[in-house]
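Those letters in the sequence shown? Residues 34 to 310, by my numbering.
First the structure, in the form of C-alpha cells, and then the observations on it.
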Amino acid sequence: MTDALTLGFSPCPNDTFIFHALVHGLLPDAPTVRARLEDVETLNQLARRAVLDLTKISYHAFGHLRRDYVLLRSGGALGRGCGPLLVARPGIGMSDLRQRPVAIPGELTTANLLLQLCAEGFDQTVVMPFDRIMPAVAAGRCDAGVIIHESRFTYQRHGLVRLLDLGQWWEEETGCPIPLGGILARRALGPDLIRRVDAAIRRSVEHAFAHPDAPRAYILCHAQEMEETVVDRHIALYVNDFSRDLGDEGERAVRLLLQKAEERGLIPACDLPLFID
C-alpha cells in the first residue's frame, strides 16, 4: 500500500505530543500518514463506520469494534490517577443522581463505561462535547457530569466539587491501571503493515520523550485555549511508559475492562484476538 494511511487522534496535548514525529515525517522508513484531529466521541463514531485506517479510540468503543479493528501496543492512554471524575455543584450527592441528567462526553467513551460499571441507575445521561460539560453542570442544565482530559485540573474554577474519581474506583476494585484510550488499526491492513505502524508509533513516542521541545508549537497550536502549565500537567499525566508499550500489566487491564463490560452486557462478546500476534 503506497497511499497515506488515515490516522485519527484528538487535539489534546497527549495525542499531539505522541504523534508529532510520525505526522511530520521525522521517522525514517515509517509509513506515511494523513492526520485527522477530532474529539474522542467523533473518533469513536468514525471508527464504527471503519472510516479511518488508524485511530485513537475509547476502550469502550473498542468493545464494539473488535471485528474490524485490532489493538496496537503503543500510543495509547493508560495509567494510574488519571481517570474520569464525576463532578457536581456543591450540595448534590451521589444519592441525588439516580434517574437525574448526568452529562457524559460520549456514549462510547470509557468515561461512560466506568460510570455504568461503577453503579446502576445512571440511565439519564446527556451526551455533549467534553469541554461543555462543566459549564452545563455549573449552570444547572445537568445535575452532574463526567469530565475527562484537562477538565480534571480546572473544574474547581467552575464552582464544582468532585463526587467520585472513577479511575480511583477502578484501581481499588481491580488493582489495575485504568485503560482510557488505545490506538487501533483496521484488520484489513494486514499483519505486516500493522506491525510497521505499531513500531512507528512507538518510535514517535520515544522521539517526543527524547525531544520534548520539538512538538511544542504543534501541541500549543491545537490547545489554544489551554494554559501552558495545564498542557504540561496534561502530558505528564497521560503519557507514560504504557504509551510506549502496554506491556503485560496494561494488557491485563484492557482484557479485564472488556471482560467486565461483556459480563454486564455493555459490549458484545468477541472471540477474535485483541492484537495481531
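Idealized CB from N, CA, C, for every residue including glycine.
Can you look up residue i in the DSSP assignment and give me helix, strand or coil?
i: R100; result: coil
i: I300; result: coil
i: R67; result: strand
i: T142; result: coil
i: I166; result: helix
i: A172; result: coil
i: L83; result: Per the sequence presented here, residue 83 reads as Ala, with Leu not at that position. Three-state DSSP puts A83 in coil, outside helix and strand.
i: P134; result: coil
i: I90; result: strand
i: D281; result: helix
i: V120; result: strand
i: I234; result: helix
Is it buried or exposed, residue i, if we count other Cβ atoms within 10 angstroms and call 16 or more buried?
i: L19; result: Residue 19 lies beyond the residue range present for the chain, which begins at 34 and ends at 310; the question has no answer from this structure.
i: A152; result: exposed
i: G200; result: buried
i: C254; result: exposed
i: M34; result: Reliability fails at M34, whose pLDDT of 43 lies under 50, so the model's placement of it is uncertain and the value that follows must be treated cautiously. Answer is exposed; the Cβ neighbour count stays below 16.
i: A269; result: exposed
i: D231; result: buried
i: A110; result: buried
i: S43; result: buried
i: G215; result: buried
i: L147; result: buried
i: P61; result: exposed
List the whole-angstrom C-beta distance separating residue i from residue j, where the pair is believed to meet the contact cut-off of C-beta under 8 Å.
i: V238; j: G108; result: 6 Å
i: L150; j: R297; result: 7 Å
i: L141; j: S184; result: Going by Cβ atoms, the distance from L141 to S184 rounds to 18 Å, so no, they are not a contact pair.
i: A177; j: I211; result: At roughly 20 Å, the Cβ-Cβ gap does not stay under 8 Å, so A177 and I211 are not in contact.
i: R235; j: D281; result: Not really, about 16 Å apart at Cβ, beyond 8 Å.
i: H53; j: Y271; result: That belief does not hold up - the Cβ atoms of H53 and Y271 are roughly 15 Å apart, past 8 Å.
i: L196; j: M127; result: 6 Å
Is it true that the CB of residue j sits closer than 9 Å to the CB of residue i?
i: T88; j: A256; result: no
i: R219; j: V73; result: no
i: T143; j: H182; result: no
i: V120; j: P138; result: no
i: F275; j: L105; result: no
i: C303; j: R100; result: yes
i: F186; j: R266; result: yes
Any beta carbon from chain D within less than 9 Å of residue i's own beta carbon?
i: F242; result: Here there is only one protein chain, and chain D is not present.
Using 8 Å as the Cβ pair cut-off and three pairs as the minimum, do the segment 131-139 and the segment 58-69 touch? Short answer: they don't touch.
Pairing CB atoms from the segment 239-252 with CB atoms from the segment 115-130, are three or more of them under 8 Å? no
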